[in-house]
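Residue 1 is where the sequence shown starts when you use UniProt numbering, and the numbers rise one by one after that. Note that CB positions come from ideal geometry on N, CA and C, so glycine has one too.
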Amino acid sequence: MPRWNLNYMKLRDKLLLMYVLSVFIPIVVTNVVFYNVTSANIRSQKTRDAGMALNNLKNDLRVTIDQGVGLSYSLYTDPVFNDTLSRSFQSHFEYIDAYNSYLKGQFSGQLNQGIRWYQVYTDNSTILSSGYIDRLTDVVRNSDWYVQFQAYSAPYPALISSDQMLSLVQRLDNLDTGGIEQLLKIDLNMDMIKQYFHNSGFDGKVYLLDPGGHIQFSNDPTAEEAQIGKRYSEIQFPNKMIPFELTYTGINYLEGWSLHGVMDEEIVLKEVRKSRSFVVWLACINFVLPSIIIAAMSRSIHVRLVRILKHMKKVKTQNFQTIPPEDARDEIGQLTMEFNRMTETIHNLIHEVYLADIQKKDLELKQQQAQLHALHSQINPHFLFNTLESVRMRSLIKGEKETAKIVHNMAKMFRKSISWNQNDVTVQEDLELIESFLQIQKYRFGDKLQYTIEADPAVLMYRIPKMVILPFVENASIHGIESSPGVGIIQLFVSMENDQLHIRLTDNGIGMSQAKLEELLNYLDQNTDMGEHVGMKNAYSRLKLCYKNHFTFDIQTWEGEGTRIQIKLPLDPSAMSGD
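Written out as C-alpha cells, the structure is:
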C-alpha cells in the first residue's frame, strides 16, 4: 500500500485542505484573540483616559485655588496694607482718607475668573465697614468657616468648605498688629469649579475630599443633598467599579486634599460590546473574501495549465506557435515564458547565427575607427606644441622676450592640462599653472592687473583635483577685472587650518548683484548643461564628485566693490605627494 503523499492528491482536494488549515482555523483563532485583545485595550484606554481627565481636573482646581493664594500672599506681605489695618485712627475722616488714598485704589476689585469675592475682617474699632473691609464681629466669629479656621495655626492660607462654598482664609499677622485680629477670606468661584467638574471628561463620579476624608464637592447630582460632608469611606458603591485617587502633595495649603473618581465598569463593557458586532462582521468578511480568492486562484491555475498542455501538443507536429503573453510572474507564468523562449530559440537558431556574424564584423570596424581617432589625438597636440615652440623661438630671435615668455606660458599650460595622467595634482603644481595663466593675463592687461599668490609651505605637497582653482581665477580676471575702470587686484591665499585646506580668492572687480549671485549659485548646484560659466561649473561639479558633502564653497560679492570666494577642502595626510 503506497504511503500518503501530497503529489497523489487532486488539485481540488489540495485547495480544500489549504483552505481549512490556512484560512478557516486561523480566522477562528484570530477572531477570538482579537476580541480579547480589543476588550483589554478598550478597558486600558478608557482607564487611561479617565486617569488623564481626573489629573486635568486636579490641575484646573489647583490653578483656580492658586489665583486666590496669589491674592492672599500679596495682601499678607504688603507692609503698608497691614500697618494701615492695625493703625488706630483718630477719627472717621482720617480712616476714610486712608481708605480712599490707599486701600480702595490699591486692592479693591482685584478679582479674576477663579475668585468670586474676598473680604478683609478686623476687630480694629477705628475702622469702618467699607468695600472689601469689614468689622470682625461676634456674628462673624460664630460662623461655620471661622470656627473651622480656628483649628489652623499655619502662616499660609487654609482651604475651608462652608455652606457649599470653598474659601481661602489667612491671618494677616505678617507684622505686629498690636493685638488686633485681622483675617482675609477669599471665596472661590464655585460656578467655575462646577464647570470644571461637569466638563472634566471623566466617565463617572468625581468627589473632592478634605484632609479628614469628607466629601466637599462632587459632580454627582445626589451628592449635593445626601453626601456633602459625609465620609467617603461610608459610601457604598457597586462591586464592578473602577476607583481612581489623586492626592495633592507638596502644597502646604492643599495638603491632604484629594480627588476620588469612581467609574462604572459597565461603561467599559458597553464599548466592548459595541466592538463585538464589528468583530462578527470582520469574521464574515474574512470568510467570504478568502473563499472568492481561492476560487479565482483555482480557476487561474486550471485554465493556464490546460493552455500550456495544448501548445505543447502542437510542438510534436513542428508547429512552434507561442502562447499569447500575459502579465503573470508565478510559476505557471514562468513556465509559459520558458516555453515561448524555447520555441523562439529553435525557430530563430539559423537567423541568430547570421546575426552574430554581422555583429562581429561591425565590432571589428568600430575598433579600427577607435584606433584611428587615438592616432589623431596624439598627432594634433604634438603639432600644436611644435607650432608654439616655433613662435616662441622666432620671438626670441626678433628680441620680443615678453611675447616669447607668454607663448612659453601658453605651451606650458596646454602641455600640463593634457599631460597630467592623474585626476589629482599637488597644490604646488596647480599654483604653478595659475601663475602661468596670470602671467598671460598680465601680458593682456598690463599695469591694470596686479596679483599676489601666497601659500603655506605645509600644504604645497597635498594633492587636490587638478584645475579646480584656475576657473575661479579666470572668472575673476575676465569677468571681474576686465570691466573694472581702475587697477584690478587679484589675491590668492592657500593655507591649512584644522586639518582643512583653505583657499581664499579675492578681487576688487565689478562684483555682482544679489540676484545675479543667487542665479549663479543655483546654476552651479543644479545638474544642468554647461552655460556661460562653464569652467566654474566644471570645477564645482568635480569638487562635488570628489568630496561629496565634505567640502565648503562660499561666494561673497559686493556690487561695484569686488568678490571673495572661499573653498575649504578636507585634508587626508595619506594624500600627500611622496615626490
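So, are the CB atoms of residue 433 and residue 470 less than 9 Å apart? Translated into positions along the sequence shown, residue 433 becomes position 433. Translated into positions along the sequence shown, residue 470 becomes position 470. Between residue 433 and residue 470, the C-beta gap is smaller than 9 Å, which places the two residues in contact.
Using only the alpha-carbon positions, how far apart do residue 300 and residue 38 sit? For the purposes of this step, residue 300 is taken as the residue at position 300 of the sequence shown. For the purposes of this step, residue 38 is taken as the residue at position 38 of the sequence shown. For residue 300 and residue 38, the distance between alpha carbons rounds to 38 Å.
Could you pull out every residue in the same chain whose Cβ sits closer than 8 Å to the Cβ of residue 371, ignoring the five residues on either side in sequence? For the purposes of this step, residue 371 is taken as the residue at position 371 of the sequence shown. Because the pLDDT at residue 371 is just 44, under 50, the model does not fix this residue reliably, and the value given afterwards should be weighed accordingly. Counting only Cβ-Cβ distances below 8 Å, and skipping sequence neighbours, we find nothing.
Give me whichever residues DSSP pairs with residue 179 in a beta bridge. Here residue 179 is taken as the residue at index 179 of the sequence shown, counted from 1. Answer is none; residue 179 lacks a bridge partner.
Inspect the CB distances between the stretch 553 to 571 and the stretch 512 to 524 and report whether three or more fall short of 8 Å. Counting C-beta pairs closer than 8 Å gives three or more between the stretch 553 to 571 and the stretch 512 to 524, which meets the contact rule.
For the alpha helix (DSSP H) that contains residue 535, what are its first and last residues? By 1-based counting over the sequence shown, the position of residue 535 is 535. From DSSP, the alpha helix (DSSP H) with residue 535 extends over 534 to 547.
Thinking just about the alpha-carbon of each residue, which of 194, 498, 35, 29 is nearest to the one in residue 218? As a working note, residue 218 is residue 218 in the sequence shown. When the alpha-carbon of residue 218 is set against those of 194, 498, 35, 29, the nearest one is in 194.
Which residues bound the beta strand (DSSP E) around residue 258? On the sequence shown, position 258 is the one that residue 258 refers to. Note, residue 258: beta strand (DSSP E), 258 to 264.
Close beta carbons around residue 551, own chain, < 6 Å, minus the five adjacent residues each side: Looking up residue 551 in the sequence shown gives position 551. 543, 569, listed in sequence order.
DSSP three-state call for residue 230: helix, strand or coil? On the sequence shown, residue 230 is found 230 positions in, with the first residue counted as 1. The three-state secondary structure of residue 230, taken from DSSP, is coil.
Going by beta carbon distance, what residues of the same chain come within less than 7 Å of residue 60, once the five residues before and after it are set aside? Within the sequence shown, numbered from 1, the residue matching residue 60 stands at position 60. Correct list, in chain order: 196.
From the DSSP output, which residues share a beta bridge with residue 557? Stepping through the sequence shown from its first residue, residue 557 is reached at position 557. Residue 557 pairs with 563.
Using three-state DSSP, classify residue 503 as helix, strand or coil. Here residue 503 is taken as the residue at index 503 of the sequence shown, counted from 1. In this structure, residue 503 counts as strand in the three-state DSSP scheme.
Name the one or two DSSP bridge partners that residue 214 has. Residue 214 sits at position 214 when you count from the first residue of the sequence shown. Looking at the DSSP assignment, residue 214 forms a beta bridge with 231.
How is residue 432 classed by DSSP in three states: helix, strand or coil? Here residue 432 corresponds to residue number 432 of the sequence shown, with the count starting at 1. Correct three-state label for residue 432: helix.
How about residue 36 and residue 282: do their beta carbons lie closer than 9 Å? Along the sequence shown, one-based indexing puts residue 36 at 36. Along the sequence shown, one-based indexing puts residue 282 at 282. Against a cut-off of 9 Å, the Cβ pair of residue 282 and residue 36 comes out as no contact.
DSSP state of residue 453, grouped into three classes? As a working mapping, residue 453 is identified with position 453 in the sequence shown. In this structure, residue 453 counts as strand in the three-state DSSP scheme.
Residue 483 vs residue 446 beta-carbon contact at 9 Å: As a working mapping, residue 483 is identified with position 483 in the sequence shown. As a working mapping, residue 446 is identified with position 446 in the sequence shown. For residue 483 and residue 446, no; Cβs fall outside 9 Å.
What residue range is occupied by the uninterrupted alpha helix (DSSP H) comprising residue 158? What you label residue 158 is simply residue 158 of the sequence shown in a count that begins at 1. First-last for residue 158: 158 to 162, but that is the beta strand (DSSP E), not the alpha helix (DSSP H).
Contact between the stretch 116 to 126 and the stretch 178 to 192 is defined here as three or more beta-carbon pairs at a separation below 8 Å; is this criterion met? Short answer: they touch.
Three-way DSSP call (helix, strand, coil) for residue 76 in this model: Looking up residue 76 in the sequence shown gives position 76. Of the three classes helix, strand and coil, the one that applies to residue 76 here is helix, per DSSP.
Of the listed residues 305, 340, 346, nearest to residue 332 (C-alpha basis): For the purposes of this step, residue 332 is taken as the residue at position 332 of the sequence shown. With distances taken between Cα atoms, residue 332 lies closest to 305.
Residue interval of the beta strand (DSSP E) (run including residue 599): Since the displayed the chain opens at 1 and closes at 579, residue 599 lies outside it and no answer follows.
Alpha carbon to alpha carbon, how far is residue 79 from residue 175? One-based indexing of the sequence shown puts residue 79 at position 79. One-based indexing of the sequence shown puts residue 175 at position 175. Near 7 Å, if we compare the C-alpha coordinates of residue 175 and residue 79.
Under 9 Å between the Cβ atoms of residue 502 and residue 566? Position 502 of the sequence shown, counted from the start, is the residue given in the question as residue 502. Position 566 of the sequence shown, counted from the start, is the residue given in the question as residue 566. Their beta carbons are under 9 Å apart, which means residue 502 touches residue 566 by this criterion.
Where does residue 202 fall in DSSP's three states? Counting from one through the sequence shown, the residue named residue 202 turns up at place 202. Coil.
Would you report the Cα separation of residue 13 and residue 297, rounded to the nearest angstrom? Taking the sequence shown and counting its residues from 1, the one referred to as residue 13 is at position 13. Taking the sequence shown and counting its residues from 1, the one referred to as residue 297 is at position 297. Approximately 14 Å, taken between the alpha carbons.
Between the stretch 47 to 64 and the stretch 87 to 95, do three or more beta carbon pairs fall short of 8 Å? no
Specify, as a first and last residue, the run of the alpha helix (DSSP H) that residue 485 falls within. Residue numbering aside, residue 485 sits at position 485 when the sequence shown is read from its first letter. Unbroken run through residue 485: none, as it is neither H nor E.
Sequence-distant residues of its chain with Cβ nearer than 8 Å to residue 50 (five each side left out): Translated into the one-based positions of the sequence shown, residue 50 becomes position 50. So the qualifying residues of the chain are 202, 203, 204, 242, 244, 261, 263.
Residue range of the unbroken alpha helix (DSSP H) whose run includes residue 471: Here the question's residue 471 lines up with position 471 in the sequence shown. Unbroken alpha helix (DSSP H) run through residue 471: 470 to 475.
Let me know the secondary structure DSSP gives residue 16 once reduced to three states. In the sequence shown, residue 16 corresponds to position 16, counting from 1. Looking at residue 16 - three-state DSSP - the assignment turns out to be helix.
Between the C-alpha atoms of residue 345 and residue 325, what's the straight-line distance to the nearest angstrom? As a first step, residue 345 must be located in the sequence shown, where it is residue number 345. As a first step, residue 325 must be located in the sequence shown, where it is residue number 325. Going from the Cα of residue 345 to the Cα of residue 325 covers about 16 Å.
Which of helix, strand or coil DSSP assigns to residue 132: Looking up residue 132 in the sequence shown gives position 132. Coil, per DSSP.
What are the start and end residues of the alpha helix (DSSP H) that includes residue 141? Position 141 of the sequence shown, counted from the start, is the residue given in the question as residue 141. 138 to 141 is the span of the alpha helix (DSSP H), which, as asked, contains residue 141.
Using the Cβ count rule (16 or more neighbours within 10 Å means buried), how would you classify residue 86? Within the sequence shown, residue 86 is the residue found at index 86, counting from 1. Classification for residue 86: buried.
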